[in-house]
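Inspection log for the structure reproduced underneath, given as structure tokens.
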Amino acid sequence: MAKSPAKTRRKARPPVTTPYDVAEHLRTPKEMAAYLDAWLSEAPEDVSGIARALGDIARAKGMSQVARDSGLSRESLYRALDKNGNPSFATILKVAKAIGVRFHTVVAEVV
């Protein structure tokens, strides 16, 4: 008695995936600024998200170079810009300057 084709099939293997890292896709200063601007525009109260976005940009530029340019240690940058980090405003400003972005203000719309 022959086996049916359904019984002889091999089990499908789950697809192989790799974690997505946005830092690998931030190649130009314009892309970096647009990425940070999106965070600031869409979730201005999400401090940890904005810090992570700065961390993504810092990793894209090279954390060692950002550390040198900001005058901060690599370790303190990784801690401050981590998802659980809580960077001071002074750290945010130093990192922003080191990665080549500036903050500016506009009048907020009253809701």
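Going by this note's numbering, the first residue of the sequence shown is number 11, and it counts up by one from there.
Just so you know, even glycine gets a beta-carbon here, dropped at the ideal spot from N, CA and C.
Just so we're clear, the structure is a prediction, and the values are computed from it rather than from any experiment.
Please classify residue i: is it buried, with 16 or more other beta-carbons within 10 angstroms of its beta-carbon, or exposed?
i, result
"V76", "buried"
"S80", "buried"
"D66", "buried"
"A63", "buried"
"T115", "exposed"
Please work out which residues of its chain come closer than 7 Å, Cβ to Cβ, to residue i, disregarding the five sequence neighbours upstream and downstream, and give them in chain order.
i, result
"A68", "V76, L87, L91, V105, I109"
"R78", "none"
Measure the alpha-carbon distance for residue i versus residue j and round it to whole angstroms.
i, j, result
"V57", "N96", "8 Å"
"Y45", "P39", "10 Å"
"R19", "V26", "20 Å"
"R84", "A61", "15 Å"
"A33", "F99", "22 Å"
"R37", "D47", "16 Å"
"H35", "A70", "8 Å"
"Y30", "K93", "15 Å"
"L50", "T28", "28 Å"
"A118", "A22", "53 Å"
"A43", "K107", "12 Å"
"G59", "G72", "19 Å"
Residue range of the alpha helix (DSSP H) that residue i falls in?
i, result
"R62", "57 to 71"
"R89", "84 to 90"
"E34", "Segment: none, E34 is in no alpha helix (DSSP H) and carries neither H nor E."
Taking 8 Å as the cut-off, is the C-beta of residue i nearer than that to any heavy atom in the ligand ATP?
i, result
"S83", "No copy of the ligand ATP occurs in the structure displayed, which carries no ligand at all."
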